[in-house]
């Protein structure tokens, strides 16, 4: 039977992929991206893939340790495997969760390959189109914001996310004003603050800016551990707040929900596909909408299967800021600013494994 298949092999790779054209995010110059990729192969030969951002963590070692705990285990009980793979690490087990996330995603991908269905069909497809929200903010100036915003609106995108500085209010005002001035009716933008503030009083000037500009949301005004600050801030602004992309588990996401109107779910960071499904159920119960965090080829499947997802975020290939996209064998399908549901079996993360070989800095292959 399908669910009796066992995990026979695990391959873990750390990859450093240079950007063809380095970009800037604020004062930081980004010339390369580091990723960790996982491939799990089942006893019948089917393989599942996953990848995530390194983010300066020892994610390679973490993912390899998690993968070791998956070896020889059956496909049947993914939730039990994810719990077991957390191992003896102390609560809240933030050390292991990202490695377990990648293994869980790869296992779901392999399962979808076996049953020859795209992941959204396994979950129960409810629609074949979902809005795509492109991200801008690299090398940002008012002129760049206007140019990129106008071009995206002309292609049919209805929501744009702009990454702001968060320290220079005058600069951010100029950027979002330039963006707002070029967007036609029916096209809006949200602002990503990247945890710029620690106190409500510091965040309020940007909240007022977002209110004046009719921003769709203000994302990550504070760090995830400062969700109580976000809760206070939410009571003092009319702009919807977004939190959640770095939750370490469902309980942490529930805390962040108190300070947010829109939940950010990231399967690659917080527990895999199983976590994402639990997070979507939580959002529905609490009456929150969801915008998953990047990894669009994976997260789109939740959008096609759950109307709680309002839109899917993506760093578009032409930005060149997320180069692993060039190695995906199932790129996004976009039409009129909307993602089109894929029909290819899997979770959308299959990588050209051989093409990545020249970018490997660390590798480990595990077998039973």
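Residue numbers (this note's numbering): 551 to 918. Glycine included, every Cβ here is placed at the ideal spot set by N, Cα and C.
- DSSP places residue 598 in no alpha helix (DSSP H) but in the uninterrupted beta strand (DSSP E) bounded by 597-603.
- DSSP places residue 806 in the helix class (H, G or I) of the three-state scheme.
- Within the DSSP secondary-structure output, residue 914 pairs in a beta bridge with 562.
- The beta-carbon separation of residue 786 and residue 835, rounded to 26 Å, does not stay under the 8 Å limit for a contact.
- Collapsing the DSSP output to three states places residue 628 in a helix.
- Secondary-structure assignment with DSSP links residue 739 through a beta bridge to 710.
- Apart from the 5 residues on each side of it in sequence, residue 665 sits with its Cβ closer than 8 Å to the Cβ of 552, 672 and 895 in its chain, given in chain order.
- C-alpha of residue 779 to C-alpha of residue 755: approximately 15 Å in a straight line.
- When 877, 901, 912 and 883 are compared, the shortest CA-CA separation from residue 589 is found for 901.
- Judged by DSSP secondary structure, residue 683 falls within the beta strand (DSSP E) whose first and last residues are 679-686.
- For residue 646, the three-state secondary structure derived from DSSP is helix.
- Under the three-state reduction of DSSP output, residue 857 falls in the coil class, being neither helix nor strand.
- Ranked by how close their Cα comes to the Cα of residue 912, the residues 790, 612, 817 and 662 have 612 in first place.
- Counted as a single uninterrupted DSSP element, the beta strand (DSSP E) harbouring residue 579 occupies residues 578-592.
- In this structure, residue 899 sits near residue 848, with a CB-CB distance shorter than 8 Å.
- DSSP, read as helix, strand or coil, puts residue 607 in coil.
- If you draw a 10 Å sphere on the C-beta of residue 581, you find fewer than 16 other C-beta atoms in it, and that means exposed.
- For residue 721 and residue 694, the gap between their C-alpha atoms comes out near 13 Å.
- Around the beta carbon of residue 734, fewer than 16 other beta carbons sit within 10 angstroms, so the residue counts as exposed.
- Closest in alpha carbon position to residue 628, among 861, 886 and 822, is 822.
- Rounded to whole angstroms, residue 759 and residue 717 show a C-alpha spacing of 13 Å.
- Under the DSSP assignment, residue 725 falls in the alpha helix (DSSP H) whose first and last residues are 719-732.
- For residue 793, the enclosing beta strand (DSSP E) has its first and last residue at 791-793.
- When 564, 565, 583 and 776 are compared, the shortest CA-CA separation from residue 572 is found for 583.
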